[in-house]
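If you read the sequence shown in the UniProt record's numbering, its first letter stands for residue 1, the second for the next number, and so on.
Beneath this line is the structure, given in structure tokens, with notes to follow.
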Amino acid sequence: MAKFKLDKLTGAALLSHPNYKYYKNYVKNHLKAWATNGESLDDVAVWLGLENLQGIMLEAHPNFVFLKKYWTTSTKYQEGGMLKQGVTSYDVWNDLQVYRVKPTVRKKSETYKSYKYYVNLIDDYIIDLKNRGFTDNDLPRMTSKDATREELQEKTFIWTSMRRPEWYVKFSLGLDGLGANALKEAPNFPYYTYYLAAMKAVKHTG
């Protein structure tokens, strides 16, 4: 705070100071970086100058509001960081070891639910970019080329259950831009045909 000449101010005097908005942005940028790196709440408290403070003394400190924000939104920052860093669903599949959960109980497991959550996070992220005007060449490819048959099947089931648009499924499977013959010969074509059949069935029963 001394850098912004705010270290001797409190309350309304601090909040109304012309430099406070710059300080606020400065700290927020650090919060995002810390959350993306998965820094602990205790470490963040130290960096915010809140170590050894408790109760009223802690809550009265000007930086306590930032500690609260870190606690409530760190998960969001971490997810955003993962997306921007290109962490694929297959990376998460392996990190969570979803493949170790028996298929008969997998979908009810917390491990699978975490994996499914991240798949949907990716899907929403890319579809939102498309809706904002990004071209397919600009969109991130977040289906790993190393993805196993099992992981791709699970992703396809999720896409179908969420009724994701056809262009997106085709794009995510790396099938966009292929001619008819090349499309049918592509390794991921079976997942695409499953999706089409499933969506057709949904339309007939819906």
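Every residue gets a Cβ at the ideal spot worked out from N, C-alpha and C, and that includes glycine.
Keep in mind that this is a model prediction, so the values were computed, not measured.
- Between the beta-carbon of residue 139 and that of residue 114 there is about 24 Å, and that puts the pair past the 8 Å contact cut.
- Rounded to whole angstroms, the gap between the alpha carbons of residue 149 and residue 90 is 11 Å.
- C-alpha of residue 34 to C-alpha of residue 46: approximately 12 Å in a straight line.
- In this structure, the alpha-carbon of residue 164 lies about 51 Å from that of residue 10.
- The beta carbon of residue 172 sits closer than 7 Å to the beta carbons of 143 from its chain, once the five residues preceding and following it are set aside; these are given in chain order.
- In the displayed model, residue 27 falls within a helix according to three-state DSSP.
- Linking residue 63 to residue 51 through their CA atoms gives a straight-line distance of about 11 Å.
- Distances from the alpha-carbon of residue 44 to those of 57, 54, 30, 55 put 30 closest.
- Counting C-beta atoms within 10 angstroms of its own C-beta, residue 185 has fewer than 16 neighbours from the protein chains shown and is therefore classed as exposed.
- Residue 169 has its alpha-carbon roughly 7 Å from the corresponding atom of residue 192.
- In the structure shown, the three-state DSSP call for residue 88 is coil.
- By the Cβ-count criterion, residue 56 is exposed, with fewer than 16 other Cβ atoms from all chains shown falling within 10 Å of its own Cβ.
- Following the DSSP letters along the chain, one finds residue 57 inside the alpha helix (DSSP H) bounded by residues 55-60.
- Counting of Cβ neighbours within 10 angstroms places residue 155 among the buried residues, the total reaching 16 or more.
- The continuous alpha helix (DSSP H) containing residue 157 extends over residues 149-161.
- Across the structure, residue 19 and residue 3 are spaced so that their CA atoms are roughly 10 Å apart.
- For residue 170, the enclosing alpha helix (DSSP H) has its first and last residue at 166-172.
- Where residue 186 is concerned, there is no enclosing alpha helix (DSSP H), because DSSP gives it neither an H nor an E.
- Counting along the chain, the unbroken alpha helix (DSSP H) around residue 104 starts and ends at 103-106.
- With at least 16 other beta carbons inside 10 angstroms of its own, residue 159 counts as buried.
- About 12 Å separates the CB atoms of residue 71 and residue 48; that is not less than 8 Å, and the two are not in contact.
- In the three-state reduction of the DSSP assignment, residue 200 falls in the helix class, which pools H, G and I.
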